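The structure appears right after this line, and notes come after that.
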Amino acid sequence: MTVPLLTEDSPLTKLLKKNEAEQLARTKGLFSVADLFEFVPRRYVRPGQLTDLSVLHVGEDVLVVAEVKTASTRPMRNRRGKMLTVVIGDDLGNELDVTFFSAYGHEGKLVPGVRGLFVGQIGAYGRRLQLTHPEYELFTDDDQGDAAVEWYRTHRVPVYSTTGKLNSLKLRKLVQQALDSVDRVREPVPEQVRVARGLVDRAVALELVHRPAVDDKPSRGLDRLKYDEAFVLQTILAQRRKAAESELATPRHPRPGGLLAAFDERLPFELTEGQREIGAVLTHELALDRPMHRLLQGEVGSGKTVVALRAMLAAIDAGGQAALLAPTEVLAAQHHRSITDMLGDLAQGGMLGGAEHGTTVTLLTGSQNAATRRRSLLDAASGTAGIVVGTHALIQKHVQFADLALVVVDEQHRFGVEQRDALREKGIRPPHVLVMTATPIPRTVAMTVFGDMETSTLRELPRGRSPITTHVVDADRPGWVDRTWQRVAEEVAKGHQAYVVCPRIGDVDDESGGLAGAAGTRDSSDEDAGWEAHWDDGDGYLGGGDGDLVEGDGAASSPAKELTGVYAMLSTLRSTPALEGLRIGVLHGRLDPEVKDATMRSFSAGEIDVLVATTVIEVGVDVPNASVMVVVDADRFGISQLHQLRGRVGRGAVPGLCLLMTQGAGEKAAERLDQVAATTDGFELARVDLQLRREGDVLGARQSGRANSVRHLRLGRAEDEQIIADAREDAFALVADDPELRAHPALAAAVAMRLDEEQAAWLERG
Numbered sequence: 001m002t003v004p005l006l007t008e009d010s011p012l013t014k015l016l017k018k019n020e021a022e023q024l025a026r027t028k029g030l031f032s033v034a035d036l037f038e039f040v041p042r043r044y045v046r047p048g049q050l051t052d053l054s055v056l057h058v059g060e061d062v063l064v065v066a067e068v069k070t071a072s073t074r075p076m077r078n079r080r081g082k083m084l085t086v087v088i089g090d091d092l093g094n095e096l097d098v099t100f101f102s103a104y105g106h107e108g109k110l111v112p113g114v115r116g117l118f119v120g121q122i123g124a125y126g127r128r129l130q131l132t133h134p135e136y137e138l139f140t141d142d143d144q145g146d147a148a149v150e151w152y153r154t155h156r157v158p159v160y161s162t163t164g165k166l167n168s169l170k171l172r173k174l175v176q177q178a179l180d181s182v183d184r185v186r187e188p189v190p191e192q193v194r195v196a197r198g199l200v201d202r203a204v205a206l207e208l209v210h211r212p213a214v215d216d217k218p219s220r221g222l223d224r225l226k227y228d229e230a231f232v233l234q235t236i237l238a239q240r241r242k243a244a245e246s247e248l249a250t251p252r253h254p255r256p257g258g259l260l261a262a263f264d265e266r267l268p269f270e271l272t273e274g275q276r277e278i279g280a281v282l283t284h285e286l287a288l289d290r291p292m293h294r295l296l297q298g299e300v301g302s303g304k305t306v307v308a309l310r311a312m313l314a315a316i317d318a319g320g321q322a323a324l325l326a327p328t329e330v331l332a333a334q335h336h337r338s339i340t341d342m343l344g345d346l347a348q349g350g351m352l353g354g355a356e357h358g359t360t361v362t363l364l365t366g367s368q369n370a371a372t373r374r375r376s377l378l379d380a381a382s383g384t385a386g387i388v389v390g391t392h393a394l395i396q397k398h399v400q401f402a403d404l405a406l407v408v409v410d411e412q413h414r415f416g417v418e419q420r421d422a423l424r425e426k427g428i429r430p431p432h433v434l435v436m437t438a439t440p441i442p443r444t445v446a447m448t449v450f451g452d453m454e455t456s457t458l459r460e461l462p463r464g465r466s467p468i469t470t471h472v473v474d475a476d477r478p479g480w481v482d483r484t485w486q487r488v489a490e491e492v493a494k495g496h497q498a499y500v501v502c503p504r505i506g507d508v509d510d511e512s513g514g515l516a517g518a519a520g521t522r523d524s525s526d527e528d529a530g531w532e533a534h535w536d537d538g539d540g541y542l543g544g545g546d547g548d549l550v551e552g553d554g555a556a557s558s559p560a561k562e563l564t565g566v567y568a569m570l571s572t573l574r575s576t577p578a579l580e581g582l583r584i585g586v587l588h589g590r591l592d593p594e595v596k597d598a599t600m601r602s603f604s605a606g607e608i609d610v611l612v613a614t615t616v617i618e619v620g621v622d623v624p625n626a627s628v629m630v631v632v633d634a635d636r637f638g639i640s641q642l643h644q645l646r647g648r649v650g651r652g653a654v655p656g657l658c659l660l661m662t663q664g665a666g667e668k669a670a671e672r673l674d675q676v677a678a679t680t681d682g683f684e685l686a687r688v689d690l691q692l693r694r695e696g697d698v699l700g701a702r703q704s705g706r707a708n709s710v711r712h713l714r715l716g717r718a719e720d721e722q723i724i725a726d727a728r729e730d731a732f733a734l735v736a737d738d739p740e741l742r743a744h745p746a747l748a749a750a751v752a753m754r755l756d757e758e759q760a761a762w763l764e765r766g
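Counting along the sequence shown from 1, when you hit position 239 you're at 239 in UniProt numbering, and nothing is skipped either side.
Written as structure tokens, this is what we have:
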């Protein structure tokens with residue numbers, strides 16, 4: 001069959017049957033020939049070197065190079081025809097059985113002495129490993145001809161990850177067919193940049209990656225693909241920065257002696273040097289006539305909320321309003337409480353006893369009753385509320401502001417760019433934007449994810465914060481578990497409080513008495529959905545509580561175990577002698593908002609000794625009297641999330657204690673827990689986290705039905721981060737001279753491929 005000339009934009013249906021193309025699109029995110037070119041091999045084998053068969057395991061998808069040692073046929077017992085059993089081996093004497101239930105077409109080829117590639121899934125029969133009906137390709141003159149034999153003698157064989165019936169052999173042939181059929185390989189990087197960076201041409205890079213000669217270095221080709229990926233993404237971000245600079249904003253000059261000055265005079269603590277410096281930067285940028293776009297990141301408990309509040313007060317002093325967007329109702333309510341408490345009578349503007357320069361702080365969430373919601377909407381639209389705190393409800397079309405000056409987005413990684421922009425559009429002119437994240441991000445990662453923003457970092461902790469000690473508790477040792485609950489009881493006896501964090505809600509029936517307000521908290525809730533469905537390869541991510549991501553070891557490394565639910569843990573704690581008489585409360589994202597708010601208020605007031613919760617308390621919850629946290633099934637959480645959770649204790653004068661309880665943790669999970677226990681430096685942990693987990697998830701690049709926007713870059717690796725930095729320098733210089741990319745049509749086409757509507761949201765997620 002003659003294959004028509006293709007372009008990189010050609011759909012894979014030009015090369016494959018429709019069902020096969022749909023399978024690649026669904027499982028690998030491959031839609032076009034360009035996507036196929038970016039699908040790099042996992043490894044390479046040399047046909048002249050036999051695979052060590054002793055390292056194979058049942059269930060493993062393999063591509064091995066081996067020699068046929070013996071071949072025999074015998075009649076089938078229950079049907080006509082002959083069965084073929086072949087034994088293949090390596091040079092070390094290891095063997096693997098290959099079975100065909102129909103010998104037809106195979107017995108004349110698979111004869112002793114021939115060598116070839118065998119592809120399939122390892123199974124077992126008796127005590128011997130076997131491949132059943134594998135795909136294979138032999139290195140013989142009769143089978144392939146002299147040219148094919150010469151190719152195997154001089155080239156490495158790429159091994160691709162398999163999907164369904166499209167095994168590595170078929171994928172290799174598909175890629176080579178595409179390489180031979182494409183009319184012209186697109187070259188998005190200008191020649192002067194390629195020469196300056198010592199990069200090979202893209203056509204050469206694809207050959208190095210997909211069909212390297214024995215003496216070639218595929219890494220040279222992969223380095224070029226990494227640079228392409230970084231260069232295209234940085235070009236997109238540079239264009240966004242350029243567009244933002246052309247927008248006009250209303251300058252916000254805070255008036256002397258206003259709300260901000262009054263707040264600063266009443267602060268019961270001294271701002272850190274970092275808080276003062278960043279505050280000065282924000283004040284300066286708020287006064288400019290172009291919108292501020294700034295990322296504020298910092299350690300857990302570094303005081304980002306105070307910095308953001310001071311910026312909001314500056315905006316109010318200048319006659320505008322501020323909106324604070326939070327990802328959950330619990331966090332929104334916590335922000336509303338803490339801001340109101342910090343402002344005191346400054347938050348009672350227009351009220352009896354309110355301060356002269358006072359304003360009001362309004363909460364807007366989706367679950368408020370009609371009267372409360374109507375009042376909040378009116379406060380925002382009339383300008384009565386200087387600060388409006390809310391969840392996604394803030395971005396709904398009917399929500400209006402009198403003069404929105406500043407948008408603060410907390411925990412940006414929970415939102416997409418379209419949600420942030422929907423809130424920005426509510427300003428008379430584009431408002432200033434401050435994005436906060438409590439997950440420290442190494443500088444190069446931050447500039448990749450938030451490329452259209454300037455970045456500020458708070459590294460020092462405010463005075464008065466206490467050290468936190470972390471220990472891993474082996475739940476397989478009953479004595480360790482008993483001692484854990486004794487430590488909780490000891491802290492409560494001293495007048496302190498405790499958190500017990502569980503990975504899921506569980507069933508309310510797991511706690512015999514049930515709880516008022518807990519209706520609707522069964523396993524069908526969002527917090528519990530998808531635990532089994534989201535296993536990923538290796539250290540993948542699981543859909544976790546309240547929209548969080550919880551890291552797991554993956555199904556391949558350990559069997560799934562029952563995860564501890566909040567209500568089951570509540571029952572356990574109530575029956576634990578050491579905790580007898582303690583006041584125990586429950587908090588999770590599926591409770592009624594009034595119950596959640598009342599529970600947090602009770603805990604903050606010291607009326608609850610132990611709070612059993614999901615990861616809904618991960619960020620923003622500030623109870624200085626809480627001194628101890630127990631994280632149950634800690635191996636099911638990621639490094640950054642454990643660090644966030646741990647930051648809920650040690651927030652006052654009392655030293656914090658975090659106990660990571662785990663049972664039967666895999667090797668990788670145990671390594672993660674040891675890393676968390678070893679340091680409280682969030683920046684160090686963030687880099688370790690990047691090295692251990694999938695980079696696509698770090699960048700929020702995975703979109704439903706689409707390919708990952710980041711395939712090749714491995715964030716956390718110094719060499720890859722240098723590629724990102726180089727690409728950023730080159731891309732920003734190019735866009736400064738040619739914002740529309742008129743002189744670079746190939747680059748413009750590559751940008752367009754990455755920037756369809758479905759993929760745009762990944763750009764600003766952390």
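Backbone N, C-alpha and C define an ideal beta-carbon position, used for all residues, glycine too.
Nothing here was measured: the structure is a model prediction, and the numbers come from that model.
What separation, rounded to the nearest whole angstrom, lies between the Cα atoms of residue i and residue j?
i: Leu734; j: Leu24; result: 35 Å
i: Val306; j: Phe637; result: 28 Å
i: Leu166; j: Val68; result: 24 Å
i: Arg459; j: Val492; result: 31 Å
i: Val361; j: Arg583; result: 32 Å
i: Asp539; j: Glu671; result: Because Asp539 carries a pLDDT of 30, less than 50, the predicted location of this residue cannot be relied on, and the following value inherits that uncertainty. Computed Cα separation, rounded: 11 Å.
Shortest alpha-carbon distance to residue i belongs to which of the options?
i: Val86; options: Pro134, Leu295, Leu713 and Ile639; result: Pro134
i: Ala686; options: Leu84, Gly664 and Leu642; result: Leu642
i: Asp345; options: Ile428, Ala718 and Phe263; result: Phe263
i: His496; options: Leu16, Arg487, Glu580 and Pro503; result: Arg487
i: Ile639; options: Ala677, Asn625, Gly664 and Leu579; result: Ala677
i: Ala731; options: His155, Arg373, Lys242 and Asp183; result: Lys242
i: Pro739; options: Gln239, Asp476, Ile584 and Glu580; result: Gln239
i: Leu563; options: Pro593, Leu573 and Val631; result: Val631
i: Gly126; options: Val58, Thr599 and Val45; result: Val58
i: Val751; options: His398, Ile236, Leu171 and Leu138; result: Ile236
i: Leu324; options: Gln348, Val433, Met753 and Glu490; result: Val433
i: Asp403; options: Ala322, Thr365 and Val175; result: Ala322
DSSP state of residue i, grouped into three classes?
i: Leu673; result: helix
i: Ser72; result: strand
i: Met453; result: coil
i: Val119; result: strand
i: Gln497; result: strand
i: Pro11; result: strand
i: Thr362; result: strand
i: Glu265; result: helix
i: Gly589; result: coil
i: Thr572; result: helix
i: Leu5; result: coil
i: Ile617; result: helix
i: Asp97; result: strand
i: Asp410; result: strand
Can you give me the start and stop residues for the alpha helix (DSSP H) that residue i sits inside?
i: Gly89; result: Per DSSP, Gly89 belongs to no alpha helix (DSSP H); it is in the beta strand (DSSP E), Lys82 to Gly89.
i: Arg646; result: Ile639 to Arg646
i: Val232; result: Pro218 to Ser246
i: His336; result: Glu329 to Leu343
i: Met661; result: Looking at the DSSP string, Met661 is not in any alpha helix (DSSP H); the run it does join, the beta strand (DSSP E), is Gly656 to Thr662.
i: Pro745; result: Pro745 to Arg754
i: Arg728; result: Ala718 to Asp737
Could you give the residue range of the beta strand (DSSP E) that holds residue i?
i: His471; result: Ile468 to Asp474
i: Val435; result: His432 to Thr437
i: Ser627; result: Ala626 to Val631
i: Leu324; result: Gln321 to Leu325
i: Arg42; result: Premise fails: Arg42 is in no beta strand (DSSP E) and is neither H nor E.
What is the C-beta distance between residue i and residue j, in whole angstroms, given that I count them as a contact (C-beta under 8 Å)?
i: Pro158; j: Pro41; result: 4 Å
So, is the C-beta of residue i closer than 8 Å to a C-beta in chain C?
i: His335; result: Given the protein chain composition of this structure (a single chain), no chain C is represented.
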